[in-house]
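All you need for my numbering is the position in the sequence shown, starting with 1, plus 87.
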Amino acid sequence: DSESENLPQSIESGDVREDVDTNSLQVFATLERLEVLADVRLLSAALTPNGDDVNDRLGIAFNLLFVEEADVEVDILDPAGRRVRRLAGEARIRGAQLEWWNGEDEAGQVVPPGVYLVRIRARTQSEDAAAVLTAPVVY
């Protein structure tokens, strides 16, 4: 079924082995679940938004796997879980993704030094996946 979200598998008629006289199908799979959101990481250890062009932006990288499209949100949160900045809130296609944070809040002001949370959500028809990373801001 080419419209299915499952991984494709070719099927050929005929006997695989002559010594097995059955027409039953057996499928072997691991119990591990395939994750839509994978390889979530920050591209530097800290954000230092002081204008010296060294770590003035924080790269946030991740992959969307096993889906054609997912609704993606990338938010920066303070330690209490309040949103400081939304970097992305849109549908994205499968593949490598990259967002950048310049250390500013929604009002365009540089945030005070501290530890912030980067929350990435990917929503599909069958799954809601999320990851949270810590992002130190120092200057």
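Every residue gets a Cβ at the ideal spot worked out from N, C-alpha and C, and that includes glycine.
Item, Value
"Would V123 count as contacting chain C if we go by Cβ distances under 8 angstroms?", "Absence of chain C from the displayed structure is noted, only one protein chain being present."
"So the beta strand (DSSP E) V219 belongs to, where does it begin and stop?", "D215 to V224"
"To which residues of the same chain is N142 closer than 7 angstroms at the C-beta, ignoring the five residues directly before and after it?", "S131, A133, L134 and T135"
"Looking at L145: is its Cβ nearer than 8 angstroms to the Cβ of W188?", "yes"
"For my contact list, V224 and Y203 are in at a C-beta cut-off of 8 angstroms; report their separation, rounded to the angstrom.", "6 angstroms"
"The beta strand (DSSP E) with N150 in it runs from where to where?", "L145 to L164"
"Considering just the uninterrupted stretch of the beta strand (DSSP E) at E193, what are its terminal residues?", "Segment: none, E193 is in no beta strand (DSSP E) and carries neither H nor E."
"Select from D215, I180 and G190 the residue whose C-alpha is nearest the C-alpha of D140.", "G190"
"Of all the options A183, V127, L164 and A194, which has the alpha carbon lying nearest to the alpha carbon of G201?", "L164"
"Cβ of V123 within 8 angstroms of Cβ of A157?", "yes"
"Between the C-alpha atoms of E54 and R208, what's the straight-line distance to the nearest angstrom?", "Only positions 88 to 226 of the chain appear in the structure, and residue 54 is not among them; the question remains open."
"Let me know the secondary structure DSSP gives Q184 once reduced to three states.", "strand"
"Just the C-alpha distance for I182 and L151, rounded to the nearest angstrom, thanks.", "Residue identity differs from the one stated: residue 182 is Gly in this sequence, not Ile. Rounded to whole angstroms, G182 to L151 spans 5 angstroms at the Cα level."
"Measuring alpha carbon to alpha carbon, tell me which of V171, R206 and P166 ends up nearest A194.", "V171"
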